[in-house]
Amino acid sequence: MKYIKYIIAFVIVIVAAFAIFKLTEVQRAENTFTSAMEALKEGDLVKVSGYVKGGEIADKEFAEKYKEEEALLKLLLSNMTYKVNYSEKVDSKTIKVNADVTAFNMQKIFADSLKEILALYLKNAFTFGENKLDENQLNIETMNIVMEKMKSDSAEMVTNTIDINVVKTNTGWKIDTVDSVKDAITGGLFSALKNLTQSLG
1 MKYIKYIIAF VIVIVAAFAI FKLTEVQRAE NTFTSAMEAL KEGDLVKVSG YVKGGEIADK
61 EFAEKYKEEE ALLKLLLSNM TYKVNYSEKV DSKTIKVNAD VTAFNMQKIF ADSLKEILAL
121 YLKNAFTFGE NKLDENQLNI ETMNIVMEKM KSDSAEMVTN TIDINVVKTN TGWKIDTVDS
181 VKDAITGGLF SALKNLTQSL G
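Residue 1 is where the sequence shown starts when you use my numbering, and the numbers rise one by one after that.
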């Protein structure tokens with residue numbers, strides 16, 4: 001009988017050890033997500049890249065085009081909040097983190113800014129000489145208009161509930177930053193910029 005007790009005790013230890021190992025994986029993946037979000041709130045995109053699969057939170061083309069808009073990103077991300085609802089293991093290499101992310105509603109803010117932005121571009125089209133703005137100056141002025149809307153008391157916030165896959169790589173757990181996740185975290189910034197680009201031709 002005592003051998004049966006030992007066997008049962010051994011099985012219980014094995015099951016408990018397996019449960020702890022499984023929980024540890026989920027915790028590590030969740031910690032990757034929360035660490036990335038905290039780095040985003042600090043505006044440290046270099047640090048964020050260390051938690052992202054592929055090492056880039058945004059592709060090079062986007063980063064190059066909007067590199068002058070660091071102030072807008074800092075304002076956006078510093079006001080972003082999040083709450084992890086739950087995390088669960090999908091398979092041996094994937095943990096799903098479900099979270100609520102609240103940020104400025106950038107699609108509405110850009111829509112509210114569009115009239116002023118179009119007026120800026122129209123005025124510049126009929127301006128000549130040293131007063132004419134180049135593309136870089138236009139981008140800066142455009143972002144200034146948007147930031148004023150973000151700072152206003154009427155600026156709207158939006159909460160998105162998203163599923164984020166955190167995947168196991170050779171260098172640890174990394175966030176799989178698909179476009180839908182990046183858009184949700186930034187309150188629709190990527191979609192808003194795409195729509196703005198289309199509106200301005």
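The beta carbon of each residue, even a glycine, is placed where N, CA and C say it ideally should be.
Item                                                                                                                                                                     : Value
In angstroms with no decimal places, state the Cα-to-Cα distance between A119 and I145.                                                                                  : 11 Å
Out of curiosity, what's the CA-to-CA distance linking S113 and V90?                                                                                                     : 41 Å
Which residue marks the beginning of the beta strand (DSSP E) containing V46, and which one marks its end?                                                               : Not the beta strand (DSSP E): V46 falls in the alpha helix (DSSP H), residues 45-49.
Exposed or buried, Y86, counting other C-beta atoms within 10 Å across all chains shown (16 or more means buried)?                                                       : exposed
By the DSSP assignment, the beta strand (DSSP E) with A99 in it spans what residues?                                                                                     : 94-104
For I20, count neighbouring Cβ atoms within 10 angstroms of its own Cβ and tell me buried if that reaches 16, exposed if not.                                            : Any reading at I20 is ruled out, since the residue's pLDDT is 47, under 50, leaving its predicted position unreliable.
Would you tell me roughly how many angstroms separate the C-alpha atoms of T186 and S78, rounded to the nearest one?                                                     : 11 Å
Excluding the 5 residues preceding and the 5 following L133 in the sequence, name in chain order all residues of the same chain whose CB lies nearer than 6 Å to its CB. : N124
Taking Cβ positions, are Y51 and T32 nearer each other than 8 Å?                                                                                                         : yes
Excluding the 5 residues flanking K168 on each side, which residues of the same chain have their C-beta closer than 6 Å to its C-beta?                                   : K93
Report yes if the CB atom of M106 is closer than 8 Å to the CB atom of G188, and no otherwise.                                                                           : yes
Using a Cβ-Cβ cut-off of 7 Å (strictly less than) and excluding sequence neighbours within five positions of A184, which residues of its own chain qualify?              : V101, N160, I162
Quick one: using the 10 Å Cβ neighbour count with 16 as the cut-off for buried, is M157 buried or exposed?                                                               : exposed
In the DSSP assignment, what are the bridge partners of E88?                                                                                                             : K96
Which word fits L72, buried or exposed, when buried means at least 16 other C-beta atoms lie within 10 angstroms of its C-beta?                                          : buried
What number of angstroms, rounded off, separates the C-alpha of E148 from the C-alpha of E135?                                                                           : 20 Å
Hey, quick one: how far does the alpha helix (DSSP H) through D179 stretch, first residue to last?                                                                       : 179-185
Since A39 contacts I175 with CB under 8 Å, what's their CB separation in whole angstroms?                                                                                : So it is not a contact: roughly 11 Å between Cβ atoms.
Near S191, what residues of its chain come up, given a Cβ to Cβ distance below 7 Å and the 5 sequence neighbours on each side ignored?                                   : Q107, D183
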